[in-house]
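Numbering (my numbering), first residue to last: 3 to 428.
The beta carbon of each residue, even a glycine, is placed where N, CA and C say it ideally should be.
Keep in mind it's a predicted model, so treat the numbers as computed, not measured.
The structure under discussion appears below in the form of structure tokens.
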Amino acid sequence: MVVGVTSSAAIVFSAARAAGADDAELASWMLALGVGMGLTCIGLSLWYRAPIITAWSTPGAALLATGLDGVTLREATGAFLISAALITVAGATGWFARVMSRVPVPLAAALLAGVLVQFGIGLFTSMRDSPVLVATMFAVYLLCRRFVPRYAVLAALAAGVTVAAASSSLHLAQVHLAWAKPIFTTPAFSWPVAVGVALPLFVVTMASQNLPGVAVLRNDGYQVPVSPLIAWTGATNLVLAPFGAFGLNLAAITAAICTGPQAHPDPRRRYVAGVWAGVFYLIVGALGATVGALLTALPQALVLGIAGIGLLGTIGSSLTSSLSDDRWREAAVVTFLATASGFKFLGVGSAFWGLIAGLLTAAATGAFRPRDPAPTTPPARAEPAAPSTRAEPSTPPARPEPPAPPARSEPPAPPAAQGGATGSGA
């Protein structure tokens, strides 16, 4: 939760300001997003007994921060509703699940590794600015990884906060307690905003968030049905959009922390991490801008360091899965590199284009062709050999000749006729 919120809260604030939201409306945005993420995390994790982590669309927030010039808050809210409706339809019809079922596992793992590798690199690049802080966190992580691996990431975070406080790197002057209140914004619809904002927001959310989010679950062995997850996040987004929920989706980065062994050694118990993430998201939403300001008060090096530490195991397992099959290896490498590049085109991030590049490479290299079945060993046959050594076929036993028939005795000569001479006739 800390990684997810601290790494992108500033982008959400920028998006809200670009839409013309004031402080109260900004707090309403945080409330709507926190409630949406909290309810979906808790509900879906308990229902599927899997760590289902949802998040706001960070790429979507970045898109809004740069693409809402001249768009009113009401028109932006209408764009949120259109995007949420499209996501709901994609989940309810099973369209997204059909697309995901056709994505090869090595490419999905390479996609995930490409999304996460920047955080692994950030662990070490952050040492340039805060070497003592990050090195202390990493040392504590390694020590606890050896003796209490379950609490290694939490111990590293505690060590980082302690060092930051000791070095006066925590900026708490702007933090104040304030409860968020929901503010309803009546949506307005226009074709230019629907095409220029809503449609790119939908594509970015599906390609850059939901796609790697499913890859995270698959990579750690959770075969939950995809369509209901997408449909529920879209429907929740649809209900909360008038209050500022611009985009809800499956998480990738924070989910990778909760689905791996660092959450719990037993995969069947990791759903508890999803429940607790939902509880924290509800707190974030209720406190609104207060929690956002508190989390952004943490040093950037601490945020980058704890993100990289928490994702080390997932990055390693993703790379292993992506490169294990030599038939897909080249396509997986292309997917990984293109995704890690951060390339953006038509407002769509590198996760989508990395997958496209990997699929094209797989098609070009023949990876989609079924592997030839291994030849079966035929029954042993006598190989022909040299005549000198070839065994001659055995002569069948001689059939006994039939015994000669017994000699037939000549019939006795007829007796001589009485009263005539014997001799030859004249």
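Which same chain residues end up closer than 6 Å to residue i when comparing Cβ atoms and leaving out the 5 residues on each side of it in sequence?
i      : result
Pro211 : It should be noted that the sequence gives Gln, not Pro, for residue 211. Taken in chain order, the residues that qualify are Ser59, Asn251.
Val99  : The identity of residue 99 in the sequence shown is Ala, whereas the question assumes Val. Only Val228, Ser229 meet the Cβ criterion.
Quick check on residue i: does DSSP put it in helix, strand or coil?
i      : result
Ala21  : coil
Trp193 : helix
Phe82  : helix
Leu203 : helix
Leu135 : helix
Trp49  : helix
Val14  : helix
Phe347 : strand
Trp234 : helix
Ala299 : coil
Trp330 : coil
Thr187 : coil
Trp181 : coil
Ala174 : Checking the sequence, you will find Leu at residue 174 rather than Ala. Coil, per DSSP.
Thr316 : helix
Ala265 : coil
For my contact list, residue i and residue j are in at a C-beta cut-off of 8 Å; report their separation, rounded to the angstrom.
i      : j      : result
Val155 : Tyr143 : 7 Å
Val14  : Ala86  : Not quite, the Cβ-Cβ distance comes to about 16 Å (not below 8 Å), so this is no contact.
Val117 : Thr341 : 6 Å
Phe82  : Ala247 : 7 Å
Thr90  : Leu240 : 6 Å
Gly276 : Cys260 : 6 Å
Ala21  : Ala78  : 4 Å
Arg152 : Pro267 : 7 Å
Between the beta-carbon of residue i and the beta-carbon of residue j, is there less than 8 Å?
i      : j      : result
Pro189 : Arg76  : yes
Ile285 : Val293 : yes
Thr187 : Pro244 : yes
Ile317 : Ala158 : no
Ala115 : Gly360 : no
Pro1   : Ser171 : Only positions 3 to 428 of the chain appear in this structure, which leaves residue 1 out of reach.
Gly310 : Gly124 : yes
Gly287 : Leu48  : no
Val429 : Ser128 : Because the chain spans 3 through 428 in this model, residue 429 falls outside it and cannot be assessed.
Ala258 : Val218 : yes
Using C-beta distances below 7 Å, list every residue in its chain close to residue i, excluding the 5 sequence neighbours before and after it, in chain order.
i      : result
Leu325 : Arg331, Ala334
Thr367 : Glu332, Ala333
Phe370 : Ala364
Take residue i and list the residues in its own chain whose beta-carbon comes closer than 8 Å to its own, dropping the five residues that flank it on each side.
i      : result
Gly174 : Strictly speaking, residue 174 in this sequence is Leu, with Gly absent from that position. Hits under 8 Å: Leu296, Ala299.
Please check if any C-beta of chain B sits within less than 8 Å of the C-beta of residue i.
i      : result
Pro184 : Reference to chain B is not applicable here, since this structure consists of a single protein chain.
Original post:
Between the stretch 35-48 and the stretch 225-244, do three or more beta carbon pairs fall short of 8 Å?
Top reply: The stretch 35-48 is in contact with the stretch 225-244.
Original post:
Are the stretch 249-269 and the stretch 200-218 touching, with three or more C-beta to C-beta distances below 8 Å?
Top reply: Look at the beta carbons and you see the stretch 249-269 touching the stretch 200-218: at least three pairs across the two are nearer than 8 Å.
Original post:
Taking one C-beta from the stretch 162-169 and one from the stretch 189-200 each time, how about it: are there three or more such pairs within less than 8 Å?
Top reply: With a cut-off of 8 Å, the stretch 189-200 and the stretch 162-169 do not count as touching, because too few Cβ pairs lie within range.
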